[in-house]
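Engineer:
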């Protein structure tokens, strides 16, 4: 049998999609529905992690300096803090600044703070924010080893809880996406299989005249690719509109919840939809054709 160009296979696959318009529409609808469902869940998990990260930023470590530490010793502590890893910011609060802050906080008792001003009982402190929750314990240990550090106040329990939540969310996310993907593939295979069954005579006739498996499969595989591409494009538009609507609603009515703009995940949505859509379409077509490729 003579060779056929890519143009021939493309034209045959497009004709097949057009002739079986109802089944094409069914396959596209099913696949784009699955893509939107997976995209929505992935977006939800992404924004949950964004809010968890925001909570993590509220955590800080308070380094309390010895009461009798000199200015030189406080400066040395600051120098050592600058050299430590996993620290995003350091704020120094002198004992004078601490007393003034407390005086403003409890303004009705300002006379008490005036009386103790000469013998300030408050220590110098450093307020530290860190970058990685998983390394907080190591950072606390390093802080306790610094000379003239009296005490280190921290909430490692919050850090551990945050890491546990993130791990749990990621675990659920991966398994849920895997289950959704398997279900999607199963539905797509059965949808495309119905279309292939309706063209069984065409496939059998091609087999009788000596058509090779490659010749028979290629147009169907390309149909699966087109189904995947069409589904991915439509699913992206639907996901964009749905996400934008929810983003605007949450931004206006629930400002305490952080919602990432769609542009921040747009690239991942496009690549994910295209990859999953095309793969699902090709796999569905290939599995549906398997029984017809036997000699």
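In the numbering used here, the protein residues as written are 24 to 318. Beta carbons: idealized from backbone N, C-alpha and C, even for Gly.
#1: Let me check understanding here. Comparing Cα to Cα, which of 162, 286, 290 lies closest to residue 83?
#2: Might you give, ordered along the chain, the residues of its own chain that have their beta carbon closer than 6 angstroms to the beta carbon of residue 310, omitting 5 neighbours on each side?
#3: Helix, strand or coil for residue 277? Go by DSSP, reduced to three states.
#4: Looking at the strands, I want to know which residues DSSP matches up with residue 149.
#5: What does residue 208 pair with, by DSSP beta-bridge criteria?
#6: Does the Cβ-Cβ distance between residue 257 and residue 51 come in under 9 angstroms?
#7: To the nearest angstrom, report how far apart residue 281 and residue 70 are at their CA atoms.
#8: Please classify residue 105: is it buried, with 16 or more other beta-carbons within 10 angstroms of its beta-carbon, or exposed?
#9: Would you give the residue range spanned by the alpha helix (DSSP H) that residue 290 belongs to?
#10: Expressed to the nearest angstrom, what Euclidean distance is found between the alpha-carbon atoms of residue 240 and residue 312?
#11: So, for residue 321: in the same chain, excluding its five sequence neighbours on each side, which residues have a beta-carbon less than 6 angstroms away from its beta-carbon?
#12: Find the nearest neighbour of residue 190 within the set 177, 292, 156, judged by alpha-carbon distance.
#13: With distances taken from CA atoms, which of 112, 306, 172, 125 is nearest residue 99?
#14: Would residue 291 be called buried (16 or more neighbouring beta carbons within 10 Å of its own) or exposed?
#15: Can you check which of these residues, 68, 118, 113, 111, is closest to residue 92 by C-alpha distance?
#16: Could you compute how far the alpha carbon of residue 125 sits from the alpha carbon of residue 145?
#17: When you compare the CB positions of residue 65 and residue 295, do they come within less than 9 angstroms of one another, or not?
#18: Please name the residue in 103, 115, 249, 72 whose C-alpha comes closest to that of residue 170.
#19: Name the two residues that bound the continuous alpha helix (DSSP H) containing residue 286.
Structural biologist: So, from the listed chains and residues:
#1: Ranked by Cα distance from residue 83, the first of 162, 286, 290 is 162.
#2: 212
#3: coil
#4: DSSP output for residue 149 lists 86, 115 as bridge partner(s).
#5: Residue 208 is not bridged to any residue.
#6: yes
#7: 7 angstroms
#8: exposed
#9: Element bounds for residue 290: 289-312.
#10: Looking at the two C-alpha atoms, the distance is approximately 7 angstroms.
#11: Residue 321 falls outside the range modelled here, since the chain spans only 24 to 318, and no answer is possible.
#12: Ranking the options by Cα distance to residue 190, first place goes to 156.
#13: 172
#14: exposed
#15: 118
#16: 10 angstroms
#17: yes
#18: 103
#19: It is not in any alpha helix (DSSP H) - residue 286 carries neither H nor E in the DSSP assignment.
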